[in-house]
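Student:
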Amino acid sequence: MPKTKITLAYFPDTFRGMMATKDIEAGEPLSESRWCSYIRSIPRDFGTIPLCVLAGNAPCSDIATAGSESSRWVMAHMPHSMRLRVIEQHERLYKDWSATNTFLETAGMGRLDRWSHYVWAWLAVNTRCIHLGQHTGAAKTGTAGAKRHAALADELVESIDSTDSMALAPVLDLLNHSAAADIATRFDPVSRQFIIQTNCAFGKGQEAFIRYGPHDNRFMIIEYGFVLARNPYQVLELDHAVSLWTEAAKARLRTARPRSLMMHPDDVDVLVSTLKQHRMWGNFTISLDDLEPSYRLHAALRLLLLAEQQSMTSKQAVRQWERWRRGEPSAGPGDTDIEAAIQSWVCEICQNMAALSGQMMDDIRESTDQSRSHDAGDPINRFLAHCLSVVWREISDISERCLARIMPDQRVMSCGP
Ligand SMILES: C[S@@+](CC[C@H](N)C(=O)[O-])C[C@H]1O[C@@H](n2cnc3c(N)ncnc32)[C@H](O)[C@@H]1O
Numbered sequence: 001m002p003k004t005k006i007t008l009a010y011f012p013d014t015f016r017g018m019m020a021t022k023d024i025e026a027g028e029p030l031s032e033s034r035w036c037s038y039i040r041s042i043p044r045d046f047g048t049i050p051l052c053v054l055a056g057n058a059p060c061s062d063i064a065t066a067g068s069e070s071s072r073w074v075m076a077h078m079p080h081s082m083r084l085r086v087i088e089q090h091e092r093l094y095k096d097w098s099a100t101n102t103f104l105e106t107a108g109m110g111r112l113d114r115w116s117h118y119v120w121a122w123l124a125v126n127t128r129c130i131h132l133g134q135h136t137g138a139a140k141t142g143t144a145g146a147k148r149h150a151a152l153a154d155e156l157v158e159s160i161d162s163t164d165s166m167a168l169a170p171v172l173d174l175l176n177h178s179a180a181a182d183i184a185t186r187f188d189p190v191s192r193q194f195i196i197q198t199n200c201a202f203g204k205g206q207e208a209f210i211r212y213g214p215h216d217n218r219f220m221i222i223e224y225g226f227v228l229a230r231n232p233y234q235v236l237e238l239d240h241a242v243s244l245w246t247e248a249a250k251a252r253l254r255t256a257r258p259r260s261l262m263m264h265p266d267d268v269d270v271l272v273s274t275l276k277q278h279r280m281w282g283n284f285t286i287s288l289d290d291l292e293p294s295y296r297l298h299a300a301l302r303l304l305l306l307a308e309q310q311s312m313t314s315k316q317a318v319r320q321w322e323r324w325r326r327g328e329p330s331a332g333p334g335d336t337d338i339e340a341a342i343q344s345w346v347c348e349i350c351q352n353m354a355a356l357s358g359q360m361m362d363d364i365r366e367s368t369d370q371s372r373s374h375d376a377g378d379p380i381n382r383f384l385a386h387c388l389s390v391v392w393r394e395i396s397d398i399s400e401r402c403l404a405r406i407m408p409d410q411r412v413m414s415c416g417p
């Protein structure tokens, strides 16, 4: 950290200004870095971001197998999809750390000595940077000059690799996120300024917001360490549930007595490969808006359930599925059965998700209550625990509403054919 003897403070006459934290001799430089004041405005701690908890105090190439008690607790209380994303994020962090050290060593500048400082800096950039490749709503109308200006900005932005063009923008990075904010961003090639323009008004004294993106709360926790109480982007992510189902189907077919004449465990892999070839594998969701399986989930379930339910080979199932995808007339009475099987699958998964989320919310409440009552330090970051609880509440809500849609008149205890 750069050294300085001055810090931001409020003064009765001049309001915000810089105060000496120690005696300063005449002739001393006020700050050893021109960035010092900015760096001091960045939060000291990113403890509500799971990666910060998981990264610990020493670099480790594989967090899935290592970590402190609190990092294991955080991992165990995240939905599966979040866990995968945090592991991926840690791999990126570790790769960046290694690449930075290689660069410094090659340049004869030694190595970074503090992992925790690097993690802090990495998270500061990740939570506060703007991407120059981000470009929304540049003026496409107006005077010839304005259009030329916009075209120049477009050209500049297109020439930038957006994954590699992060910038920290002091003051802009103090703006908080609201899903209701409406902004347009552009880089002005003449003034070389990154401009954020708001399309909604803010009254005097109100907090001015920007929108970081159309992100759900799982993403907000991982990238920014907070949740919105009412996030409009809510979906049930079911990739893991579908993968578990394929494994269970293979196990069932392996032990089936009498052996299924048509389906073989390897057929399940063929069906999965078919979905992958059609770029239809993954991103399986049910959204809060319509409480229906997304097209991708519906299509995948149709193929996966078809072969087993109607005793087909994978080849026959793929042929029938492709006909359905092309919108050709349905292949007879089996079509109603397969739709019922899809509903039944969704019903069972929603019951499992509702039960799991209830258990997770109880666990989180108990763990935070325990660390409060024992006064045992605070191994669990309470705010992070609260954020995880909100995510499980959302999963529970969608699951229960989906069950109520499928079986409107019942308190559903069991689904199935
Ligand atoms: C770009 S900074 C915004 C300024 C930040 N509040 C600060 O004090 O420096 C992003 C961070 O602000 C916080 N943040 C942004 N929007 C928020 C919101 N709606 N509710 C709670 N925290 C928010 C999160 O900690 C996030 O990682």
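In case it helps, the UniProt record's numbering puts the sequence shown at residues 1 to 417. Cβ coordinates follow ideal geometry from the N, Cα and C atoms, glycine included.
1. Beta-carbon within less than 8 Å of Gln193's beta-carbon, same chain only, minus the 5 sequence neighbours each way: which residues are those?
2. State yes or no: is the C-beta of Met361 within less than 9 Å of the C-beta of Arg393?
3. If you measure from the CB of Gly27, is any heavy atom of ligand 1 nearer than 8 Å?
4. From this set, Thr246, Ala385 and Gly358, which residue's C-alpha is nearest Ser371's C-alpha?
5. Roughly how many angstroms lie between the CA atoms of Thr198 and Ile210, to the nearest whole one?
6. For Gly56, which residues does DSSP report across the bridge?
7. In chain order, which continuous runs of the beta strand (DSSP E) of length 3 or greater are located wholly inside the region 36-117?
8. Rounded to whole angstroms, what is the Cα-Cα separation between Glu223 and Tyr295?
9. Grouping DSSP H, G and I as helix and E and B as strand, with all else coil, what is Phe219?
10. If you draw a straight line from the alpha carbon of Ala139 to that of Tyr212, how long is it in whole angstroms?
11. In angstroms with no decimal places, state the Cα-to-Cα distance between Gly137 and Asn231.
12. Name the residue from Arg114, Asp62, Ile49 and Arg254 whose alpha carbon lies nearest to the alpha carbon of Asn126.
13. Looking at Leu54: is its Cβ nearer than 9 Å to the Cβ of Val74?
14. Locate the beta strand (DSSP E) running through Phe15, then write down its first and last residues.
15. Mind checking whether Ala317 and Asp267 have CB atoms under 9 Å apart?
16. Under the three-state reduction of DSSP, which class applies to Ala354: helix, strand or coil?
17. DSSP puts Ala341 in a beta bridge; with which residues?
18. With Gln277 as the anchor, note down where its alpha helix (DSSP H) starts and where it stops.
19. So if DSSP puts Pro293 in a beta bridge, which residue, or which two residues, is it bridged to?
20. For Asp182, tell me which candidate among Phe202, Ala167, Phe219 and Leu172 has the shortest Cα-Cα distance.
21. Tell me whether Glu308 is buried or exposed, calling it buried when 16 or more other Cβ atoms sit within 10 Å of its Cβ.
22. Please report the straight-line C-alpha distance between Ala76 and Gly282, rounded to a whole angstrom.
23. Who are the Cβ neighbours of Leu104 in its own chain at under 8 Å, not counting the five residues just before and after it?
24. For Asp216, which residues from the same chain have a beta carbon less than 7 Å from its beta carbon, with the 5 sequence-adjacent residues on both sides left out?
25. Let's see if you can read the secondary structure: which residues bound the alpha helix (DSSP H) around Glu322?
26. On the three-state DSSP scale, how would you describe Asn126?
27. With C-beta atoms as the reference, is Pro189 less than 9 Å away from Tyr38?
28. Quick one: what's got a C-beta closer than 7 Å to Cys52's C-beta in the same chain, skipping five residues either side?
29. Within a Cβ cutoff of 8 Å, which residues of the same chain sit near Ile338, ignoring the five residues on either side of it in sequence?
Tutor: Quick answer:
1. As a working mapping, residue 193 is identified with position 193 in the sequence shown. So the qualifying residues of the chain are Phe187.
2. For the purposes of this step, residue 361 is taken as residue 361 along the sequence shown, with counting starting at 1. For the purposes of this step, residue 393 is taken as residue 393 along the sequence shown, with counting starting at 1. For Met361 and Arg393, yes; Cβs fall inside 9 Å.
3. Position 27 of the sequence shown, counted from the start, is the residue given in the question as residue 27. The answer is no for Gly27.
4. Taking the first residue of the sequence shown as 1, we reach residue 371 at position 371. With distances taken between Cα atoms, Ser371 lies closest to Ala385.
5. Translated into the one-based positions of the sequence shown, residue 198 becomes position 198. Translated into the one-based positions of the sequence shown, residue 210 becomes position 210. Their backbone Cα atoms lie some 8 Å apart in a straight line.
6. Start at 1 with the first residue of the sequence shown, and residue 56 comes out as number 56. Answer is none; Gly56 lacks a bridge partner.
7. List check, beta strand (DSSP E) in window: nothing returned.
8. The sequence position of residue 223 within the sequence shown is 223, counting from 1. The sequence position of residue 295 within the sequence shown is 295, counting from 1. Roughly 28 Å separates the two Cα atoms.
9. Taking the first residue of the sequence shown as 1, we reach residue 219 at position 219. If DSSP states are grouped into helix, strand and coil, Phe219 belongs with the helices.
10. Reading the sequence shown from its first residue, position 139 is the one you call residue 139. Reading the sequence shown from its first residue, position 212 is the one you call residue 212. Bear in mind that a pLDDT of 45 at Ala139, under 50, signals an unreliable position, so the number given afterwards is only what the model happens to contain. In a straight line, the C-alpha of Ala139 is about 21 Å away from that of Tyr212.
11. Translated into positions along the sequence shown, residue 137 becomes position 137. Translated into positions along the sequence shown, residue 231 becomes position 231. Confidence is the limiting factor: at Gly137 the pLDDT is only 49, short of 50, which leaves the residue's position unreliable and the question unanswerable from this model.
12. One-based indexing of the sequence shown puts residue 126 at position 126. The candidate whose alpha carbon is nearest that of Asn126 is Ile49.
13. Position 54 of the sequence shown, counting from 1, holds the residue named residue 54. Position 74 of the sequence shown, counting from 1, holds the residue named residue 74. Result yes, Cβ atoms of Leu54 and Val74 sit closer than 9 Å.
14. As a working note, residue 15 is residue 15 in the sequence shown. Taken as a continuous stretch (DSSP letters only), the beta strand (DSSP E) holding Phe15 covers Phe15 to Ala20.
15. Here residue 317 refers to the residue found at position 317 of the sequence shown. Here residue 267 refers to the residue found at position 267 of the sequence shown. Yes, they are a contact pair.
16. In the sequence shown, the residue the question calls residue 354 occupies position 354. Ala354 falls in the helix class under three-state DSSP.
17. What you label residue 341 is simply residue 341 of the sequence shown in a count that begins at 1. Paired residue(s): none; Ala341 is not in a bridge.
18. Here residue 277 refers to the residue found at position 277 when the sequence shown is read from its first residue. First-last of the alpha helix (DSSP H) with Gln277: Pro265 to Gln277.
19. In the sequence shown, counting from the first residue as 1, residue 293 sits at position 293. Paired residues: Ile286.
20. By 1-based counting over the sequence shown, the position of residue 182 is 182. It is Phe202 whose Cα lies nearest to the Cα of Asp182.
21. Translated into the one-based positions of the sequence shown, residue 308 becomes position 308. So Glu308 counts as buried.
22. The residue you call residue 76 lines up with position 76 of the sequence shown. The residue you call residue 282 lines up with position 282 of the sequence shown. Roughly 23 Å separates the two Cα atoms.
23. Within the sequence shown, the letter at position 104 stands for residue 104. Gly110, Arg111 and Leu112, listed in sequence order.
24. Indexing the sequence shown from 1 puts residue 216 at position 216. Here the set comprises Asn231, Tyr233, Gln234 and Val235.
25. Mapped onto the sequence shown, residue 322 falls at position 322. Note, Glu322: alpha helix (DSSP H), Ser314 to Arg325.
26. Walking along the sequence shown from the start, residue 126 turns up at place 126. Note: Asn126 maps to helix in three-state DSSP.
27. Your numbering for residue 189 matches position 189 in the sequence shown. Your numbering for residue 38 matches position 38 in the sequence shown. Contact: no.
28. Along the sequence shown, one-based indexing puts residue 52 at 52. Excluding residues up to 5 positions away in sequence, Phe46, Val119 and Leu123 lie with their Cβ nearer than 7 Å to the Cβ of Cys52 in the same chain.
29. Translated into the one-based positions of the sequence shown, residue 338 becomes position 338. Answer for Ile338: Arg302, Leu305, Leu306, Gln309 and Gln310, listed in chain order.
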